[in-house]
Each structure stands twice: as structure tokens, then as C-alpha cells.
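Visitor: Residue numbers (mature numbering (1 follows the signal peptide of the UniProt record, and there is no 0)): -23 to -1, 1 to 145.
(1) Are the CB atoms of residue 15 and residue 83 nearer to each other than 9 Å?
(2) For residue 86 versus residue 95, is the C-beta distance shorter than 9 Å?
(3) So for residue 9, helix, strand or coil by DSSP?
(4) Would DSSP call residue 69 helix, strand or coil?
(5) Alpha carbon to alpha carbon, how far is residue 131 from residue 71? Give it in angstroms, no decimals.
(6) Nearest by alpha-carbon distance to residue 139: which of 20, 63 and 11 is it?
(7) Only counting runs of 4 or more residues, tell me where the alpha helix (DSSP H) segments fall wholly within the segment 106 to 137, in order along the chain.
(8) Could you spell out where the beta strand (DSSP E) holding residue 99 opens and where it closes?
(9) On the three-state DSSP scale, how would you describe residue 78?
(10) So, is residue 92 buried or exposed, given that buried needs 16 or more other C-beta atoms within 10 angstroms?
(11) What do you get for residue 65, buried or exposed, if any count of 16 or more other CB atoms within 10 angstroms of its CB means buried?
Here it is as C-alpha cells:
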């Protein structure tokens, strides 16, 4: 009789835990959807769809004289800075977590169908320069305050955005 009562108690407890977990999941999903709706309405041009990203990747990305990234539609054989010294490989990252200027890791906000993209360059020494190094610029991204609380906040991050020649 005691074994049956314990089994019933375990089953009831298991059902209760399952119910609490499902209720919590529903609450978190509802809160997430509310935050998503608020963020997408408030910052409509901050996020890109997969279609928009594929259109961007088809364009060539070069650096201008001020070392700010720009898109250029004409095709060139290499991605080079204006002095043709440091070839760059431009990419876009969609990182889940990035370290801010204060050294704290922040979860970057992305949604299932919309993403913030982070411009990123890699340098090579295949150009006229003996050595090229990437240099960082500060950008602002919308991030969660922390991994457990859904509080959006703009934060500053340092990312490699251009290359510079190191004379030999």
C-alpha cells in the first residue's frame, strides 16, 4: 500500500512539475513576443531578414579614404583599400554574444526571422604593403542587459572594420 501511495505521489509531483514548466515556458514566450514586437516597432531598420542579407552579400564592400565601410556595386578583382596596399575580406557576423567596451559579455538581440549584422573585416598581406593589421571601430548594437532578463539596451562594442599598412 505504501509503494502505491509513493508511486501516486511521484506521478502527481511529476505532473505538477510538468505543468509549472509548461506555464513558465508560455509566460517566457509571451514576454519574448511582447519584447520582439516592441523592439521591431521601435527600431524597424535595425534588423535584416535573410533576403535582405543575401542582397547585401551580392554587393561588393570596399573601404573609402576615411576607413568607413561602404557598399559599392561595381565588381573588382580584389577588395582593396584606396592605396591598394591591404586586401580585405569583408564579412558580416551574426554573433550571439559580444564583449562590450567595459569588458562585459552582452547577448546580442536577434530574432528567428530578423538579425542584427556586425560588419567585420580580415586583412591579408597580399597587397603592396609588407604587413597589414585590422583596426577596430566602435559600433552600437542592441543587446539584452543580461542572459536571463529581457531588457533591451544599446551598448558599444569594438569590432575590426578596416585594415592599415604596417611599414616594414
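Glycine included, C-beta positions come from ideal geometry on N, C-alpha and C.
Bear in mind the structure is a predicted one, so any value in this text is a computation, not a measurement.
Guide: In short:
(1) As a first step, residue 15 is located in the chain shown; it is residue number 38 there, counting from the start. As a first step, residue 83 is located in the chain shown; it is residue number 106 there, counting from the start. In this structure, residue 15 sits away from residue 83, with a CB-CB distance that is not shorter than 9 Å.
(2) Against the chain shown, residue 86 aligns to sequence position 109. Against the chain shown, residue 95 aligns to sequence position 118. Contact flag unset, no.
(3) Along the chain shown, one-based indexing puts residue 9 at 32. It is helical.
(4) Taking the chain shown and counting its residues from 1, the one referred to as residue 69 is at position 92. If DSSP states are grouped into helix, strand and coil, residue 69 belongs with the strands.
(5) Position 94 of the chain shown holds residue 71. Position 154 of the chain shown holds residue 131. Each residue's alpha carbon lies about 16 Å from the other.
(6) What you label residue 139 is simply residue 162 of the chain shown in a count that begins at 1. With distances taken between Cα atoms, residue 139 lies closest to 63.
(7) Those alpha helix (DSSP H) runs which fall completely within the segment 106 to 137 and span 4+ residues do not exist here.
(8) Position 122 of the chain shown, counting from 1, holds the residue named residue 99. For residue 99, the uninterrupted beta strand (DSSP E) run begins and ends at 95 to 100, by DSSP.
(9) Along the chain shown, one-based indexing puts residue 78 at 101. Shown here, residue 78 sits in coil according to DSSP, grouped into three states, outside any helix or strand.
(10) Here residue 92 corresponds to residue number 115 of the chain shown, with the count starting at 1. Burial call: buried.
(11) Mapped onto the chain shown, residue 65 falls at position 88. Residue 65 comes out buried.
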